[in-house]
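See structure below.
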Amino acid sequence: MTSVPVLETPRPTAGRRLRRGRWSPSLVAGAVLLGAVLALAVVSLVWTPFGLDEAQPDARLSGPSAAHWAGTDRLGRDQFTQLMLGARTALQVGLASVAVAFAIGVPLGLLAAAAGRLVDDAVIGLIDIVIAFPTLLLAMLLVTVYGASTAVAVWAIGIGISAEVARLTRISASRIFTQDYVLAARTCGTRPVMILVRHVLPNIWHTLLVQATLAFGIAVIAEASLSYLGLGTPPPAPSWGRMLQEAQSTVSVAPWNVLLPGLAVAVTVIGLNLLGDGLREALDPQLRRDRRVVAR
Amino acid sequence: MLAYLLRRVAWLVGALLLAGSAVFVLLRVLPGDPAVTLLPVGAPPEQIESIRHQLGTDRPLLTQYGEWFGGLFAGHLGDSLFTGIPVLDQITARLPVTLPLALTAFVLSIVVAVPVGVFAAVRRRGLAGVAVSGLAQIGIALPIFWIGIVVVWLVAVQWRLLPPGGFPRAGWAEPAAAIDSLILPVVTLTIAQAALLIRYVRSATLDVLNQDYLRTARALGYSLPRALWRHGLRNGAATVVSVLGVLLAGSLIGTVVIESVFALPGLGSLLLTSVKARDLPVVQGTVFLMTATVLLVGLAVDVIQRVIDPRLRGSA
């Protein structure tokens, strides 16, 4: 059998693409916003304006001032300190939840896409049920048994998101599995594992990365919601959600206390979403091709 | 189609059984004794034992499991530990608050989001389009309870137009008061859900706009709205319908948070207070019912998607 000449087109790697200065506005904006929150969290490790429980009874519900940049709550505790420590909680819980979600979701999705009909059906059924168990309900079930804690929140959020990750992995992967080049590879006798490594993963990893940033955002909101409901990170650990819950009762006298924790959540999530959009634009070959067509 | 429908319904029944089992496993089988968590630390063993007996957790797991499922089929979800009221009665008493809230917000968010999303896609390079998608981005990123608190502060505290929360004791017997107290919750839930939907509608429309068939239609002389209507709608709708299922489920679950913000006596607040009080039968029944609803919505979505998109019908 004579060898067939293969047309090699230089394919820039994703890393090279990023390095070559394809930093779209959303990528930059996302990196800046997230960077700001990350900076707050990191600085809080070594320094905060006040101690977490350092209450000043004579400065209760004071507005923003030189001493208290974000004002104080009804016990006279510094809000900016709580914001900084809250950033740490949000990022930690978010990261841990996404890690749980991907550790469960990606293998499950790949398994469903690669295996036969029976396994696929079983996994779809599992995904359906987990999706039908919204994160909040799962968290409530777990809290009923174990009580509210950060670990319970992480597991609930992680498992909740994992179904979506598995579904996306399965859909993206099976789309690749039906491609002619996979059929060709299979005809040539390429082992399924190699097909996964050489054809499927390179074609879906950017989708998964984007999903990870979006999932991170969802996890941050979920953490805040659980804490707001009193089902998340228990006191004394600070959380944006509980700050809001406490601020709600004093909203008529101290509305500014509501503003900042909400903005903090929004900045984090918008930053993550923009980062996801920017990564998608930078990494997805499909989108890049489309843009060229439009430009022409 | 019929065979598919039958198989899908069989699936639903299986999924319901599994979901019921999952609730049971999470609450009863996983380590952690509800009787112990229910009592203060250092409670005498005989008290723990009596609570276990009251909960029924001292009987064999299989018996409990059988009772839970037997009850499900008989339409009996058990009684509350504290009030002794049947769980099903408690749930139905809360529905007149939660159902109008969730369904109105769901419908309103579609009515708002579909035109706005298409607009944002068609005008994606214009200022208005960018502004709309920017606002939607922000709406998605804001926690729903924050939107609620701000809405309460603005409308109820500053302008004093509507009550900040609560529900008339007489319920729908006082229609005006009931509607007044549901307006702000519905608005809040709609803002949150519409922001999410706008994003999906926009990207579905963008997908369609990039398709060759749309360019062909335009080249044949169709105006853009007409080309979108003839060729885009079906293609875009398939994607959007799948999101609607998630959205309806989200509206239902969102009521848990919304009812907490607005102090509404709905299903969500029933669940929340029961979780905090560790009222096991109520939590078990409410979570199962909510899960069953979400599964049912999922089935409806799948069927609708097949009706819309013939390409799906060939596949499993």
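Quick note, the sequences are listed as chains B and C, same order.
Heads up: the first sequence begins at 32 in the numbering used here, then just goes up one per residue.
Heads up: the second sequence begins at 9 in the numbering used here, then just goes up one per residue.
Don't be surprised by glycine CBs; every beta carbon is placed ideally from N, CA and C.
Interfacial residues, the segment 237-258 of chain B to chain E, with Cβ spacing under 8 angstroms: Any reference to chain E falls outside this structure, whose protein chains are B and C.
Chain-ordered chain B contacts of C/Phe81 [CB-CB under 9 angstroms]: Here the question's residue 81 of chain C lines up with position 73 in the second sequence. Result: empty, since nearest Cβ-Cβ is about 19 angstroms, beyond 9 angstroms.
Touch test, the segment 307-319 of chain C against the segment 44-55 of chain C, Cβ-Cβ under 8 angstroms, three pairs minimum: no
Through-space distance from B/Thr166 to B/Ile190, alpha-carbon basis: To locate residue 190 of chain B, count along the first sequence from 1; it is residue 159. To locate residue 166 of chain B, count along the first sequence from 1; it is residue 135. So the two alpha carbons sit approximately 8 angstroms from each other.
Beta-carbon spacing of B/Thr120, B/Thr264 below 7 angstroms: In the first sequence, counting from the first residue as 1, residue 120 of chain B sits at position 89. In the first sequence, counting from the first residue as 1, residue 264 of chain B sits at position 233. Yes, these two residues count as a Cβ contact at 7 angstroms.
Beta-carbon proximity check, C/Pro193 vs C/Ile93, cutoff 7 angstroms: Position 185 of the second sequence, counted from the first residue, corresponds to residue 193 of chain C. Position 85 of the second sequence, counted from the first residue, corresponds to residue 93 of chain C. Not closer than 7 angstroms, so no.
Where B/Gly178 falls, given that 16 or more other Cβ within 10 Å makes a residue buried: Here residue 178 of chain B is taken as the residue at index 147 of the first sequence, counted from 1. Exposed, since its Cβ has fewer than 16 Cβ neighbours within 10 Å.
CA-to-CA distance, B/His230 to B/Ala130, given in whole angstroms: Looking up residue 130 of chain B in the first sequence gives position 99. Looking up residue 230 of chain B in the first sequence gives position 199. Between B/Ala130 and B/His230, the C-alpha separation is close to 24 angstroms.
Bounding residues of the alpha helix (DSSP H) (the contiguous stretch that carries C/Pro171): By one-based count along the second sequence, residue 171 of chain C stands at place 163. Neither: C/Pro171 is in no alpha helix (DSSP H) and is coded neither H nor E.
Contacts of B/Val289 in chain C (Cβ-Cβ under 8 angstroms): Taking the first sequence and counting its residues from 1, one reaches residue 289 of chain B at position 258. Here the neighbours are Trp154, Ile157, Val158 and Trp161.
Residues that C/Ser268 contacts on chain B, provided the C-beta gap is smaller than 7 angstroms: As a working note, residue 268 of chain C is residue 260 in the second sequence. Going along chain B in sequence order, the residues near C/Ser268 (Cβ under 7 angstroms) are Leu260.
Any C-beta of chain B under 7 angstroms from that of C/Ala212: Residue 212 of chain C sits at position 204 when you count from the first residue of the second sequence. Cβ-Cβ to chain B under 7 angstroms: no for C/Ala212.
Local conformation of B/Asp211 per DSSP, three classes: Locating residue 211 of chain B in the first sequence gives position 180, counting from the first residue. B/Asp211: helix per DSSP, three-state reduction.
Proximity of C/Val290 and C/Ser282 at Cβ, strictly below 7 angstroms: Counting from one through the second sequence, the residue named residue 290 of chain C turns up at place 282. Counting from one through the second sequence, the residue named residue 282 of chain C turns up at place 274. Yes, they are a contact pair.
C-alpha distance - C/Leu241 paired with C/Leu252, whole-angstrom precision: Position 233 of the second sequence, counting from 1, holds the residue named residue 241 of chain C. Position 244 of the second sequence, counting from 1, holds the residue named residue 252 of chain C. If I take the Cα positions, the gap works out to 15 angstroms.
Nearest residue (CA-CA) to C/Trp161, options B/Asp104, B/Thr281, B/Leu69 and B/Ala313: As a first step, residue 161 of chain C is located in the second sequence; it is residue number 153 there, counting from the start. With distances taken between Cα atoms, C/Trp161 lies closest to B/Thr281.
Residues sharing a beta bridge with B/Thr364, DSSP: Chain B is shown from 32 up to 327; residue 364 of chain B falls before or after that span and cannot be answered.
Same chain, Cβ closer than 8 angstroms to B/Arg323, five either side skipped, listed in chain order: Within the first sequence, numbered from 1, the residue matching residue 323 of chain B stands at position 292. A caution first: B/Arg323 carries a pLDDT of 44, below 50, which makes its placement in the model too unreliable to give a value.
With 16 other Cβ atoms within 10 Å as the buried cut-off, status of B/Pro56: Position 25 of the first sequence, counted from the start, is the residue given in the question as residue 56 of chain B. With fewer than 16 other Cβ atoms within 10 Å, it is exposed.
Inter-stretch contact (C-beta, 8 angstroms, three-pair minimum) for the segment 230-244 of chain B and the segment 306-315 of chain B: yes
Per-residue DSSP class, three states only, for C/Asp97: Here residue 97 of chain C corresponds to residue number 89 of the second sequence, with the count starting at 1. It is helical.
Nearest neighbour of B/Asn234, chosen from B/Ser128, B/Ile202 and B/Leu260 [CA to CA]: Here residue 234 of chain B is taken as the residue at index 203 of the first sequence, counted from 1. Checked all of B/Ser128, B/Ile202 and B/Leu260; the closest Cα to B/Asn234 is B/Ile202.
Span separating the alpha-carbon of B/Ser270 from that of B/Ser256: Position 239 of the first sequence, counted from the start, is the residue given in the question as residue 270 of chain B. Position 225 of the first sequence, counted from the start, is the residue given in the question as residue 256 of chain B. Between B/Ser270 and B/Ser256, the C-alpha separation is close to 10 angstroms.
Beta-carbon proximity check, C/Leu96 vs C/Leu89, cutoff 7 angstroms: Taking the first residue of the second sequence as position 1, residue 96 of chain C is located at position 88. Taking the first residue of the second sequence as position 1, residue 89 of chain C is located at position 81. Contact flag unset, no.
For C/Thr299, three-class secondary structure by DSSP: What you label residue 299 of chain C is simply residue 291 of the second sequence in a count that begins at 1. Looking at C/Thr299 - three-state DSSP - the assignment turns out to be helix.
C/Val165: contacting residues in chain B (beta-carbon distance under 7 angstroms): As a position in the second sequence, residue 165 of chain C is number 157, starting the count at 1. Neighbours of C/Val165 on chain B, chain order: Val282 and Ser283.
Beta-carbon proximity check, C/Ile206 vs C/Val124, cutoff 7 angstroms: Sequence index remark: in the second sequence, residue 206 of chain C carries index 198 (1-based). Sequence index remark: in the second sequence, residue 124 of chain C carries index 116 (1-based). Closer than 7 angstroms, so yes.
Segments of 3+ residues assigned as beta strand (DSSP E) that fall wholly inside the segment 190-272 of chain C: none
Distance, B/Gly302 Cα to C/Arg132 Cα: Counted from its first residue, the second sequence places residue 132 of chain C at position 124. Counted from its first residue, the first sequence places residue 302 of chain B at position 271. So the two alpha carbons sit approximately 21 angstroms from each other.
Backbone CA spacing between B/Ile192 and B/Ala246 [nearest angstrom]: If you number the first sequence from 1, residue 192 of chain B lands on position 161. If you number the first sequence from 1, residue 246 of chain B lands on position 215. So the two alpha carbons sit approximately 7 angstroms from each other.
Selection from B/Pro266, B/Ala278, B/Leu305 and B/Leu306 that minimises the alpha carbon distance to B/Leu83: As a first step, residue 83 of chain B is located in the first sequence; it is residue number 52 there, counting from the start. For the residues B/Pro266, B/Ala278, B/Leu305 and B/Leu306, the minimum Cα distance to B/Leu83 belongs to B/Pro266.
Straight-line gap, C/Asp87 to B/Val289 (C-alpha atoms, nearest Å): The sequence position of residue 87 of chain C within the second sequence is 79, counting from 1. The sequence position of residue 289 of chain B within the first sequence is 258, counting from 1. Roughly 39 angstroms separates the two Cα atoms.
Of the residues C/Arg67, C/Gly64, C/Thr65 and C/Ala43, the one placed nearest C/Ile56, counting alpha carbons only: By 1-based counting over the second sequence, the position of residue 56 of chain C is 48. Per the Cα distances, C/Ala43.
Environment of B/His99 [buried if 16+ CB atoms lie within 10 Å]: As a working note, residue 99 of chain B is residue 68 in the first sequence. Answer is buried; the Cβ neighbour count reaches 16.
Backbone secondary structure at B/Asp84 - three-state DSSP: In the first sequence, the residue the question calls residue 84 of chain B occupies position 53. Three-state DSSP puts B/Asp84 in coil, outside helix and strand.
Beta-carbon neighbours of B/Gly156, restricted to chain C and to distances below 8 angstroms: Along the first sequence, read from residue 1 onward, the residue named residue 156 of chain B stands at position 125. Going along chain C in sequence order, the residues near B/Gly156 (Cβ under 8 angstroms) are Trp19, Gly22, Ala23 and Leu26.
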